[in-house]
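> Before anything else, here's the structure in question.
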Amino acid sequence: MTSAYTKAYQALTRGHVLRPDEAAELLADLRAETATELTDAVFEQLVTDSQATSTDTEAAIRRKRRAFGAGTKTLRAIRQTAASTPTTPGPSGPASPYGPA
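The numbering used here puts the sequence shown at residues 39 to 139.
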């Protein structure tokens, strides 16, 4: 499977003109891939940081668990946002995320 980055690079370097719907789909794929890579790396760091050590107090362990839970909740929200359906640009340009002007 070709990554969205590769598709975008090839379209830009080969002078391939994308229709607005193709560009929107490609950008959405690129956004999702980037979010996946970023959240995977952050999750690995969360796991490492939340490991209890032999010198941790019960309070420190609770703080680490709480931070891990908050971190995973945030990562889930990032993944869901990145995977959301993009808006296809209309004739007057991209749609505003805040509704009509």
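C-beta: ideal position from N, C-alpha, C; glycine also. Computed from a predicted model, the values in this text were never measured in an experiment.
Would you check if the distance between the CB atom of L84 and the CB atom of F106 is smaller than 8 Å?
Locating residue 84 in the sequence shown gives position 46, where the first residue counts as 1. Locating residue 106 in the sequence shown gives position 68, where the first residue counts as 1. Yes, Cβ-Cβ distance for L84 and F106 is below 8 Å.
> Under DSSP, the alpha helix (DSSP H) around D94 begins and ends at which residues?
Here residue 94 refers to the residue found at position 56 when the sequence shown is read from its first residue. Here D94 belongs to no alpha helix (DSSP H), and DSSP marks it neither H nor E.
> Compute the beta-carbon to beta-carbon distance between A73 and R114, rounded to the nearest angstrom, for a pair I have assumed lies under 8 Å.
As a first step, residue 73 must be located in the sequence shown, where it is residue number 35. As a first step, residue 114 must be located in the sequence shown, where it is residue number 76. Not confirmed; about 11 Å, so no contact.
> Below 8 Å, how does it come out for the stretch 51-59 and the stretch 82-100: are there three or more Cβ pairs, yes or no?
No, the stretch 51-59 is not in contact with the stretch 82-100.
> From what residue to what residue does the alpha helix (DSSP H) around T44 run?
Counted from its first residue, the sequence shown places residue 44 at position 6. 42-51 is the extent of the alpha helix (DSSP H) around T44.
> Using the Cα positions of A108 and R101, report the straight-line distance between them to the nearest angstrom.
Reading the sequence shown from its first residue, position 70 is the one you call residue 108. Reading the sequence shown from its first residue, position 63 is the one you call residue 101. Looking at the two C-alpha atoms, the distance is approximately 11 Å.
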